[in-house]
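Step one of this worksheet: look at the structure below.
Chains as they are written, first to last, in full-length UniProt numbering: chain A, 1 to 402; chain B, 1 to 402.
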């Protein structure tokens with residue numbers, strides 16, 4: 001029982017406590033905050049107020065210090081937070097350190113290292129295969145043997161709310177003789193979950209498939225903005241590049257892995273059985289439900305529990321070749337799409353390449369127009385019996401630069 | 001005329017002056033150094049000795065400060081270096097700041113941001129196309145319209161001399177029913193040049209094809225180690241991932257762009273003419289000659305002047321979608337291969353997929369064995385009429401981790 005006055009149905013109860021980075025209109029310092037109810041707790045100040053030895057690690061202007069501190073510190077800070085928010089004797093000293101969330105500005109919470117994007121939804125990969133390669137088998141022969149992924153651009157990961165400038169580049173439709181240059185005409189989203197590495201690993205070593213929780217600090221919602229016309233022309237044979245590298249947005253609150261305990265479920269099933277390094281003893285499917293809203297209207301509910309590959313398998317695969325990982329590395333799941341149309345996490349799938357528009361605020365729509373806003377939110381079961389929230393990742397498309 | 005006693009044929013004369021990061025057995029501080037002859041100059045100390053205002057910017061434990069300082073600072077420091085190494089009145093104060101290069105330890109000189117690898121040699125792309133996709137046209141339709149590239153792993157860029165652990169992963173030969181797990185059996189190199197971004201650019205903006213010198217600080221040799229069996233199985237449809245991400249080695253000396261003035265040559269010719277954003281007024285072909293030595297024996301001399309796309313075109317393309325760049329971003333050319341067999345910069349090409357071994361120290365060889373060492377060096381014409389050197393990037397293969 002907390003001494004805070006939280007509504008029963010809050011998505012930010014004591015079983016969530018995600019971390020972010022905030023400043024206020026009157027104090028531009030970037031401080032680590034914890035979302036609780038509709039407030040944000042100044043974490044360093046709160047830990048200092050209760051004499052915690054961890055106050056210093058979170059007092060560094062970003063989440064970087066806490067990420068690097070490792071799992072024992074993550075567990076200890078979470079326990080201290082639970083304690084100071086439930087002990088009535090703390091109320092007087094902690095209450096002044098809570099600010100209304102509506103009044104703070106949220107920043108990119110950590111320094112992004114390498115960004116890898118996977119392709120872990122069988123429904124998404126099958127749909128994209130049909131759309132990009134209509135004359136071939138939609139799934140490549142490797143797809144059910146390994147979590148296919150590629151490196152994206154870490155430097156263009158931005159926090160929710162950052163405007164997305166429509167990218168320019170080369171487009172060539174199959175019936176055109178040569179490519180032309182100009183703003184993307186097929187600007188799309190990809191609704192994903194992203195996993196934030198806290199404790200890295202050395203070059204030449206691997207992270208085992210059962211060691212996820214020792215390395216991953218938490219999860220965010222990702223919108224991997226995609227220019228489908230740029231991507232379709234450029235992507236052979238080395239994969240997506242400019243069609244993706246202009247912007248990737250993440251939600252400002254990092255939900256700790258510990259808060260997702262009640263969301264853990266078995267994977268839907270893997271056939272053939274993967275190679276041993278990808279076979280885990282623990283369930284790391286996640287029953288997270290995403291919601292995609294286009295100009296305020298819900299258009300899709302992608303179910304993360306349908307994903308073929310788990311985040312534990314992704315990390316084991318990412319490092320099986322001895323690639324090092326660093327605190328702040330981000331890896332994302334790839335588009336979350338379920339089997340049904342209204343569960344597809346990208347507009348190219350939802351509108352089947354533009355052939356089957358969706359109705360948004362009364363209009364028939366396919367890809368993104370300038371001025372459009374996309375908001376992706378997510379919730380999951382919490383250990384308290386209710387639900388927890390990831391908050392949202394929002395972005396508005398602004399016209400291409402001249 | 002320098003007051004230093006330099007051999008006439010030194011590759012590290014006053015027309016070169018590349019920057020690196022060194023420590024010594026008796027002083028573990030990492031200091032920015034400049035290679036001159038067979039010595040290294042302690043740059044911050046030298047600039048301080050002559051009262052330069054730039055001493056502070058290079059006294060930060062890496063090249064990061066100088067990279068971020070921008071082109072006017074790069075030009076000023078280079079002019080100050082020329083001055084203090086030619087003015088006899090400076091000899092007495094500067095001489096004690098010169099250390100034998102053979103006695104210093106060289107470190108990764110800058111913090112690597114995003115790493116992008118291009119694919120800019122027509123000979124290499126054609127050879128790889130034939131080897132990876134024998135039943136198709138070797139060059140994809142996009143190849144002559146844009147510099148194809150993809151993101152690699154910035155966190156696994158290492159300095160010359162770092163051992164390379166043989167990567168493990170999934171391999172599946174075309175005649176095998178299912179993939180198996182184990183150490184790569186087709187470990188290869190890629191001899192490349194890499195370009196180091198000093199002055200970055202904001203998200204939503206572009207770097208014009210004629211603005212290379214305002215953004216790129218200098219160049220290094222790159223060995224983009226490649227596990228061809230891992231790569232062949234994983235790379236469709238999202239491109240290379242684990243086949244490349246285990247290690248990328250760079251030479252420790254960053255050759256300033258200004259030192260490459262005499263190496264600038266026209267490109268071999270582009271047909272069709274590229275789109276306008278890729279058409280530059282200035283020549284940025286580079287007459288750099290690479291030499292690949294395998295266990296001490298020269299096996300290839302890849303000519304950079306044969307590259308189809310210029311580094312100015314690569315940077316313009318990389319940012320045409322508004323992707324931001326940061327100080328420390330690294331982009332590499334892709335394998336440098338010329339038209340002749342002995343000019344191929346990867347062993348998969350040199351040995352035609354292993355079918356045509358080369359003789360190394362009397363043995364028939366195809367891919368890399370544990371214990372093998374590869375050293376790639378490079379030279380170019382200097383503005384002084386002789387040649388300048390990039391030094392070398394070396395790496396020894398060590399057995400896969402258990």
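No residue lacks a Cβ here, since even glycine has one placed at the ideal position from N, Cα and C. All values derive from a computational prediction rather than experimental measurement.
Using 8 Å for Cβ pairs, my map puts residue i next to residue j. What's the rounded Cβ distance?
i: residue 291 of chain A; j: residue 305 of chain A; result: Their Cβ separation, rounded to whole angstroms, is 14 Å, which puts residue 291 of chain A and residue 305 of chain A out of contact at 8 Å.
i: residue 315 of chain B; j: residue 207 of chain B; result: 5 Å
i: residue 86 of chain B; j: residue 3 of chain B; result: 7 Å
i: residue 390 of chain B; j: residue 233 of chain B; result: Not really, about 34 Å apart at Cβ, beyond 8 Å.
i: residue 17 of chain A; j: residue 107 of chain A; result: At roughly 19 Å, the Cβ-Cβ gap does not stay under 8 Å, so residue 17 of chain A and residue 107 of chain A are not in contact.
i: residue 395 of chain B; j: residue 249 of chain B; result: 5 Å
i: residue 285 of chain A; j: residue 307 of chain A; result: 7 Å
i: residue 82 of chain B; j: residue 14 of chain B; result: 6 Å
i: residue 361 of chain A; j: residue 295 of chain A; result: 5 Å
i: residue 165 of chain A; j: residue 218 of chain A; result: Incorrect: roughly 29 Å between the Cβ atoms, too far for contact.
i: residue 287 of chain A; j: residue 381 of chain A; result: 6 Å
i: residue 274 of chain A; j: residue 145 of chain A; result: 7 Å
Do you know offhand how far residue i's Cα is from residue j's?
i: residue 392 of chain B; j: residue 251 of chain B; result: 6 Å
i: residue 126 of chain B; j: residue 223 of chain B; result: 20 Å
i: residue 352 of chain B; j: residue 367 of chain B; result: 11 Å
i: residue 379 of chain A; j: residue 197 of chain A; result: 21 Å
i: residue 276 of chain A; j: residue 320 of chain A; result: 11 Å
i: residue 122 of chain B; j: residue 99 of chain A; result: 59 Å
i: residue 318 of chain B; j: residue 115 of chain B; result: 11 Å
i: residue 49 of chain A; j: residue 59 of chain A; result: 13 Å
i: residue 72 of chain A; j: residue 311 of chain B; result: 46 Å
i: residue 29 of chain B; j: residue 75 of chain B; result: 26 Å
i: residue 132 of chain A; j: residue 228 of chain B; result: 26 Å
i: residue 348 of chain A; j: residue 238 of chain B; result: 17 Å
i: residue 1 of chain A; j: residue 68 of chain A; result: 31 Å
i: residue 225 of chain B; j: residue 399 of chain B; result: 15 Å
i: residue 240 of chain A; j: residue 102 of chain B; result: 43 Å
Kindly say whether residue i, judged by its beta-carbon, lies nearer than 8 Å to any beta-carbon of chain B.
i: residue 151 of chain A; result: yes
i: residue 331 of chain A; result: no
i: residue 427 of chain A; result: A question about residue 427 of chain A goes unanswered here, because the residues of chain A that appear run from 1 up to 402.
i: residue 246 of chain A; result: yes
i: residue 145 of chain A; result: yes
i: residue 140 of chain A; result: yes
i: residue 109 of chain A; result: no
If I follow the unbroken alpha helix (DSSP H) through residue i, where does it start and stop?
i: residue 367 of chain B; result: Note, residue 367 of chain B: premise wrong, no alpha helix (DSSP H); not H, not E.
i: residue 122 of chain A; result: 122-132
i: residue 83 of chain B; result: 71-86
i: residue 347 of chain A; result: 347-350
i: residue 317 of chain B; result: 311-319
i: residue 231 of chain A; result: 228-234
i: residue 46 of chain B; result: 43-49
i: residue 117 of chain A; result: Looking at the DSSP string, residue 117 of chain A is not in any alpha helix (DSSP H); the run it does join, the beta strand (DSSP E), is 115-118.
i: residue 94 of chain B; result: 91-94
i: residue 177 of chain B; result: Residue 177 of chain B -> no alpha helix (DSSP H), and no H or E assigned at all.
Does any CB atom of chain A fall closer than 8 Å to the CB of residue i?
i: residue 315 of chain B; result: no
i: residue 237 of chain B; result: yes
i: residue 3 of chain B; result: no
i: residue 61 of chain B; result: no
i: residue 181 of chain B; result: yes
i: residue 130 of chain B; result: no
i: residue 192 of chain B; result: no
i: residue 187 of chain B; result: no
i: residue 78 of chain B; result: no
i: residue 204 of chain B; result: yes
Tell me where the beta strand (DSSP E) around residue i begins and ends.
i: residue 185 of chain A; result: Where residue 185 of chain A is concerned, there is no enclosing beta strand (DSSP E), given that its DSSP letter is neither H nor E.
i: residue 293 of chain A; result: 289-294
i: residue 380 of chain A; result: 373-381
Inset, instruction - Kindly confirm or deny that the stretch 146-153 of chain A and the stretch 379-396 of chain A touch, where touching means at least three C-beta pairs closer than 8 Å. - result: no
Inset, instruction - Could you name the residues of the stretch 269-285 of chain B whose beta carbon sits closer than 8 Å to any beta carbon of chain C, in the order they occur along the chain? - result: Included in the structure are the protein chains A and B, with no chain C among them.
Legend entry - At least 3 beta-carbon pairs within less than 8 Å: the stretch 189-196 of chain A vs the stretch 185-203 of chain B: no
Inset, instruction - Would you be able to state if there are at least three C-beta pairs under 8 Å between the stretch 83-99 of chain B and the stretch 37-49 of chain B? - result: yes
Inset, instruction - Check whether the stretch 275-282 of chain B touches the stretch 209-219 of chain B, taking contact to mean three or more Cβ pairs, one atom from each stretch, closer than 8 Å. - result: yes
Legend entry - the stretch 260-273 of chain A / the stretch 169-176 of chain A touching (three or more Cβ pairs under 8 Å): no
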